[in-house]
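Single-structure report; data block below.
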Amino acid sequence: MTYDMPTRQMEYRPSAVIDTSQTTKTLLEHFATVWPEYQPVQHKALGYYGVVRDDVPANFLYRFDGRPGRICIGPEGEVWVSVVWEPASTFPVRAWVAADLLKPVARRY
Numbered sequence: 012m013t014y015d016m017p018t019r020q021m022e023y024r025p026s027a028v029i030d031t032s033q034t035t036k037t038l039l040e041h042f043a044t045v046w047p048e049y050q051p052v053q054h055k056a057l058g059y060y061g062v063v064r065d066d067v068p069a070n071f072l073y074r075f076d077g078r079p080g081r082i083c084i085g086p087e088g089e090v091w092v093s094v095v096w097e098p099a100s101t102f103p104v105r106a107w108v109a110a111d112l113l114k115p116v117a118r119r120y
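Each residue of the sequence shown is one higher than the one before, counting from 12 in my numbering.
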């Protein structure tokens, strides 16, 4: 079993926006039920297998409520999801992906 505890991170610092409005909180809560943590997913175009995972606020890309989570709202209103790709591999990679590029699948392992 692998543990999602990286010892090094890239120096990329996104310019996320913390939005504590009720509208944003409601949207995030709704999409958190659509994309629950540990939900197995597959990239529609590339076929990669991944698992939806919560991320720390420092890594968020777009609008979110300031708490750790797995969903953020893009500048055009699109939903972005935090995914760990190939979680059982030697080098799992976490990335934020637009939700319309993902499809839920059955767990592989």
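Using N, Cα and C, we set each Cβ at its ideal position, and we do this for glycine too.
Bear in mind the structure is a predicted one, so any value in this text is a computation, not a measurement.
Exercise. In terms of residue numbering, what span does the beta strand (DSSP E) encompassing A109 cover?
Worked result: Indexing the sequence shown from 1 puts residue 109 at position 98. Residues V104 to A109.
Exercise. Which class does F75 belong to by DSSP, given the choice of helix, strand or coil?
Worked result: Here residue 75 refers to the residue found at position 64 of the sequence shown. DSSP places F75 in strand when its eight states are reduced to three.
For this session: For A43, verify whether its CB is less than 7 Å away from any heavy atom of the ligand ZN.
Result: The model depicted lacks the ligand ZN and carries no ligand whatsoever.
Problem set entry | Rounded separation between W91 and S100 - CA only | Walking along the sequence shown from the start, residue 91 turns up at place 80. Walking along the sequence shown from the start, residue 100 turns up at place 89. Spanning the two alpha carbons is a distance of roughly 23 Å.
Problem set entry | Residues of its chain near A117, where Cβ-Cβ distance is below 8 Å and the 5 sequence neighbours each way are ignored | Here residue 117 refers to the residue found at position 106 of the sequence shown. P51.
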